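Below is one structure, written out as structure tokens; the observations come after it.
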Amino acid sequence: MILAVWGKSLAYVCFLTLLLRGVTGKYNKNTRKSLPAMPKLITQHGYPAETHTVATDDGYILTMHRIPYSPLSNSTDTARPVVFLQHGLISSSVDWVIMGPGNGLGYLLADAGYDVWMGNARGNMYSTRHNKLSAMLPTFWSFSWHEMGVYDLPAEIDYILTNTTQKSLRYVGHSMGTTMFYVLMSKKPEYNAKISRMIALAPVAFLRNTKSPFASITKLVPSGVSKQNGAI
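Okay, so the sequence shown: first residue is 9 according to this note's numbering, each after it adds one.
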């Protein structure tokens, strides 16, 4: 019993130490400067890239990035199967391409013949605009993955299908990206008809049985998922 308590306490200490180190630790000031913004991060490798914006029903303006085809392809005109990539918590569309060609999923899918679209949830570094609210206002950040699923995903999916003249798309979600998908399909099941296949990476649906030390500190996180990507 004593060993179990001691082991659990040690786990908490290690976790908090790593967390604080990540928050307060020093980093190379050139790190951000050396990282090109999207879509340059893509075009620097010779891949075509596009930036699209879409407004949600509750006023948030989201940015999506697209790799319409691969330079390895022989044709740019053929209608390609569409795949939509949705990032996880405290992330952005950069996640899918930051590892570069041959490694990043966005590039791999483009090379495989897909029309690749990458979403950005409200509040992240590419989606901090609203029709009426300033990102400096607390009300801007009054949301969770519920609103992302009910408002963000439908707006993005409809926009993609309209602009590609496709009837359905493949959906790849990572972590919170899967949670958003589950919310959408629970609240708006008619969207099942617009998804030909869903791939869940590190899926998250229920948290009530979570035993990780992280679960204990989430109670301290303010609304807006800790202004989820605004800190990036």
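C-beta: ideal position from N, C-alpha, C; glycine also.
Please read these numbers as outputs of a predicted model, since none were measured by experiment.
Burial state of residue 213, where buried means 16 or more other Cβ atoms lie within 10 Å: exposed
Whole beta strand (DSSP E) elements within the region 85-164, 3-residue minimum: 90-94 and 123-126
Among 169, 142, 67 and 159, nearest to residue 125 - alpha-carbon criterion: 169
Whole-angstrom distance between residue 118 and residue 74, CA atom to CA atom: 10 Å
CB of residue 97 within 8 Å of CB of residue 163, strictly: no
Residues that residue 180 bridges to, as DSSP identifies them: 93 and 207
Identity of the residue in 153, 136 and 154 nearest residue 146 by Cα: 136
Sequence-distant residues of its chain with Cβ nearer than 7 Å to residue 142 (five each side left out): 148
Three or more C-beta pairs below 8 Å linking the region 174-183 and the region 201-216: yes
Alpha-carbon spacing of residue 167 relative to residue 48, whole angstroms: 23 Å
Cα-Cα separation between residue 116 and residue 102, rounded to whole angstroms: 14 Å
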